[in-house]
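Read the structure below first, then the notes.
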Amino acid sequence: MKTIINTNNAPAPIGPYSQATLAGGFLFVSGQIPIDPLSGELISSDIKAEATQVMENIKAILTEAGLGFDNIVKTSIFLTDLQNFVQVNEVYGTYFTTDFPARETIQVSALPKGVNVEISVIAIK
Numbered sequence: 001m002k003t004i005i006n007t008n009n010a011p012a013p014i015g016p017y018s019q020a021t022l023a024g025g026f027l028f029v030s031g032q033i034p035i036d037p038l039s040g041e042l043i044s045s046d047i048k049a050e051a052t053q054v055m056e057n058i059k060a061i062l063t064e065a066g067l068g069f070d071n072i073v074k075t076s077i078f079l080t081d082l083q084n085f086v087q088v089n090e091v092y093g094t095y096f097t098t099d100f101p102a103r104e105t106i107q108v109s110a111l112p113k114g115v116n117v118e119i120s121v122i123a124i125k
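Note that full-length UniProt numbering has the sequence shown beginning at 1, numbered continuously upward.
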């Protein structure tokens, strides 16, 4: 059995998928890009602002599911340029304090809407 998680505090999906799905005690959060859920606008002023918006979108989805960053067991970070890794990592690190999740960071040729960063997570209840 699965439960679909959606919140108005994170951007609406831009395709046929849910913000997150809860199944078997795991929350699978779809890749988040730097869209401001209030305005619907892309945040593209700089990579740190983009990463912050992505993490805030993830936070909103986790909150809707009754979870927090300490519940995350796995993250996947997609960057269009690995030169942005240090700055994204700085932002990412402010959302975790201990018991960091497993993670991979992958450079890709393109991301939806031409953004520079997308992050997906898996959390456990």
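Glycine included, C-beta positions come from ideal geometry on N, C-alpha and C.
The model shown is predicted, which means the values in this text are computed figures rather than measured ones.
The DSSP-derived three-state label of V88 is helix. In the DSSP assignment, no residue is bridged to S39.
Beyond the five residues adjoining it in sequence on each side, I77 comes within less than 6 Å, by CB distance, of T105 and I119 in the same chain, given in chain order.
For D46, the closest of Y95, D99, A12 and Q83 by C-alpha to C-alpha distance is Q83. Within the DSSP bridge table, the entry for F28 names T21 and I122 as partners. Runs of the alpha helix (DSSP H) lying entirely within the segment 45-123 and spanning at least 4 residues, in chain order: 47-64 and 85-93. Judged by their CB atoms, V117 and L79 are nearer to each other than the 7 Å cut-off.
Assignment of I4 by DSSP, reduced to helix, strand and coil, places it in the strand class.
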